[in-house]
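In order, the protein sequence lines correspond to chains Z and B.
Residue numbers for the first sequence follow my numbering, beginning at 1 and rising by one.
Residue numbers for the second sequence follow my numbering, beginning at 81 and rising by one.
The beta carbon of each residue, even a glycine, is placed where N, CA and C say it ideally should be.
Encoded as structure tokens, the structure appears first; notes follow it.
Number of protein chains: 2
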Amino acid sequence: MKAIVHINPRSGVLDPQGQAVAGALKHLGFAGVLGARQGKVIELDLADIDAEQAREQVTKMCEQLLANTVIEDYSVQIEP
Amino acid sequence: MKAIVHINPRSGVLDPQGQAVAGALKHLGFAGVLGARQGKVIELDLADIDAEQAREQVTKMCEQLLANTVIEDYSVQIEP
């Protein structure tokens, strides 16, 4: 079973990585870039368990390790 | 207009970030984690241009800056 976790900076929180990307793109001549935000995606291979249990486990992983919930939002997607 | 770029390590290429995540999760007691891969997502705000033009521009951005095409794959998704 696979779980896909999307972790993004909370809206309103400063995103220095995204700002660096937007700045670099403008420097390269891409004038149409108004802004950028950068997040991460973690794809987890999980031993076969129930989808509901998997979601619970992965949510725990996010809270404990994967996301910094003060400044980041996460979403969990379970795939069979 | 929005563009969403997904950048992931090519399959077969070593992914030290993913390995670190998988190792840390196992250490925390999540024994069901068989593996992890970590990629990134960049959300770009673009000035209003044609969707086809936008895709072309963003593909250029990926080739020039956003992705390291030796070890990373990217995909571009354009949203109105």
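Assigned exposure category for residue i - 16 Cβ within 10 Å defines buried
i                      : result
residue 48 of chain Z  : exposed
residue 146 of chain B : buried
residue 23 of chain Z  : exposed
residue 39 of chain Z  : buried
residue 151 of chain B : exposed
residue 105 of chain B : buried
residue 18 of chain Z  : buried
residue 56 of chain Z  : exposed
residue 13 of chain Z  : exposed
residue 28 of chain Z  : exposed
Test: residue i CB closer than 8 Å to a CB of chain B
i                     : result
residue 36 of chain Z : yes
residue 57 of chain Z : yes
C-beta neighbour in chain Z for residue i, strict 8 Å
i                      : result
residue 129 of chain B : yes
residue 94 of chain B  : no
residue 144 of chain B : yes
Straight-line gap, residue i to residue j (C-alpha atoms, nearest Å)
i                      : j                      : result
residue 87 of chain B  : residue 154 of chain B : 4 Å
residue 133 of chain B : residue 53 of chain Z  : 44 Å
residue 111 of chain B : residue 101 of chain B : 13 Å
residue 113 of chain B : residue 89 of chain B  : 19 Å
residue 42 of chain Z  : residue 5 of chain Z   : 5 Å
residue 44 of chain Z  : residue 124 of chain B : 26 Å
>> Going residue by residue through the region 4 to 70 of chain Z, where are the continuous alpha helix (DSSP H) segments of at least 4 residues, counting only ones entirely within it?
In response: 16 to 27 and 51 to 61
> What residues in the region 21 to 46 of chain Z bring their beta carbon closer than 7 Å to a beta carbon of chain B?
Replying inline: 21, 24, 25, 28, 30, 32, 33, 34, 35, 36, 37, 38, 39, 40, 41, 42, 43, 44, 45 and 46
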